[in-house]
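Colleague: Numbering of the sequence shown is given in our numbering, commencing with residue 193 and proceeding in unit increments.
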Amino acid sequence: MRKHILNLTFSEKECREIRTGRVELDPANGLDLRVPVAVGTKRVGDEEPPMKREKKREKIETLRIFTDGSCVNNGKKNSVGGIGIHFPDHQVTDVSLPYRGYVPLVDSRSGQELCPPNHRGKVTNQRAELTAILVAITLAHEYFQSLSANFEKSSRMVDLYTDSEYCINSLTNWCYTWKAKDWKTANGKPVKNRDLIEPILALLKKQRVTFFHSVAHTNGQDERSVGNARADSLATQATRSQLKKK
């Protein structure tokens, strides 16, 4: 499997929550591009030629991703976890990785770790969920970078599905209040998992992402249920692989 590295610099983005239950982050201007906008009257000849419109449509590509994190003995010294990432359209290989408080991935060119020692923490469900998202967006960004140099940045879209409302709220809502309060909660306590949230926010400046909440363990056969179940299976498999070694 290819190994990857992430730029850990932080930069704030704007986001808007829309009523359909999805949140879209646009690094270009912070606008929700799926909300209709007023269009002025066009004169004859203002329309783009059909070939030009078709060319633009051909450049648009959406990468769908389902992520999940798993943990046994949540937050305890003997806790173990795993992350699962499912790409239903097969542009990128699915990921099933053990989670021991950090991501065991390094950049194949520089040899640097994706998550250096100062970003390691306890193994918890929330940290496993966040780590799955961090790795997923990293892989998506590198996938798009591998495409033609002429591929427009604004046309590289990610639809990310997670069953963690905590992750979605942390990355699209609460983070702005936390940052304004110097990463303190309403009770004045340090925000948990800041070391994972900040790197993800930095990635969201580079890559346009729409977050969708998936309901877990529905046993449904619709695309969202099947995708979530696959990510859950990948995460559980990685967790159980560590239990067998004990």
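For each residue, glycine too, the CB sits at the ideal point set by N, CA and C.
Remember, it's a predicted structure, so these values are computed and weren't measured experimentally.
1. Who are residue 390's beta bridge partners in DSSP?
2. What first and last residue would you give for the alpha helix (DSSP H) that runs through residue 435?
3. Taking all protein chains shown into account, decide if residue 390 is buried (16 or more other Cβ within 10 angstroms of its Cβ) or exposed.
4. DSSP beta-bridge partners for residue 290?
5. Measuring only the C-alpha atoms, how far is residue 424 from residue 433?
6. Drop a sphere of 10 angstroms on the beta-carbon of residue 427, count the other beta-carbons inside from all chains shown, and report buried for 16 or more, exposed for fewer.
7. Mind checking who residue 262 pairs with in its DSSP beta bridge?
8. Can you say whether residue 285 is buried or exposed, counting buried as having 16 or more other CB atoms within 10 angstroms of its CB?
9. What does the Cβ neighbour count give for residue 421, buried or exposed, with the cut at 16 atoms within 10 Å?
10. Which residue's Cα is closest to the Cα of residue 283: 411, 412 and 256?
11. Does DSSP put residue 279 in a helix, in a strand, or in coil?
12. Assign residue 203 to one of two classes, buried (16 or more other C-beta atoms within 10 Å of its C-beta) or exposed (fewer than that).
13. Less than 6 Å between C-beta atoms, sequence neighbours within five positions excluded: which residues of the same chain meet that for residue 496?
14. Helix, strand or coil: which one does DSSP assign to residue 189?
15. Note down the Cα distance separating residue 249 from residue 339, rounded to an integer number of angstroms.
Modeller: On the basis of the data shown:
1. Beta-bridge partners assigned by DSSP to residue 390: none are found.
2. 415 to 435 is the span of the alpha helix (DSSP H), which, as asked, contains residue 435.
3. Looking at its Cβ environment, which holds 16 or more other Cβ atoms inside 10 Å, residue 390 is buried.
4. Looking at the DSSP output, residue 290 bridges to 274.
5. Going by C-alpha positions, residue 424 is about 14 Å away from residue 433.
6. Classification of residue 427: buried, given that the 10 Å Cβ count is 16 or more.
7. Among the bridge pairs identified by DSSP, residue 262 is matched with 274.
8. Around the Cβ of residue 285, a 10 Å sphere holds fewer than 16 other Cβ atoms; the residue is exposed.
9. Counting the other Cβ atoms within 10 Å of the Cβ of residue 421 gives 16 or more, which makes it buried.
10. Closest by alpha carbon: 256.
11. Three-state DSSP puts residue 279 in coil, outside helix and strand.
12. Low confidence applies here, because residue 203 scores a pLDDT of 38, under 50, leaving its location unreliable; read the following figure in that light. Exposed: under 16 other Cβ atoms inside 10 Å.
13. Within the shown structure, residues of the chain are numbered from 193 to 438, placing residue 496 beyond reach of any answer.
14. Because the chain in this structure spans residues 193 to 438, residue 189 falls outside the shown range and cannot be described.
15. Its pLDDT being 47, under 50, residue 249 is placed unreliably in this model, and the value from its coordinates should be taken loosely. Spanning the two alpha carbons is a distance of roughly 16 Å.
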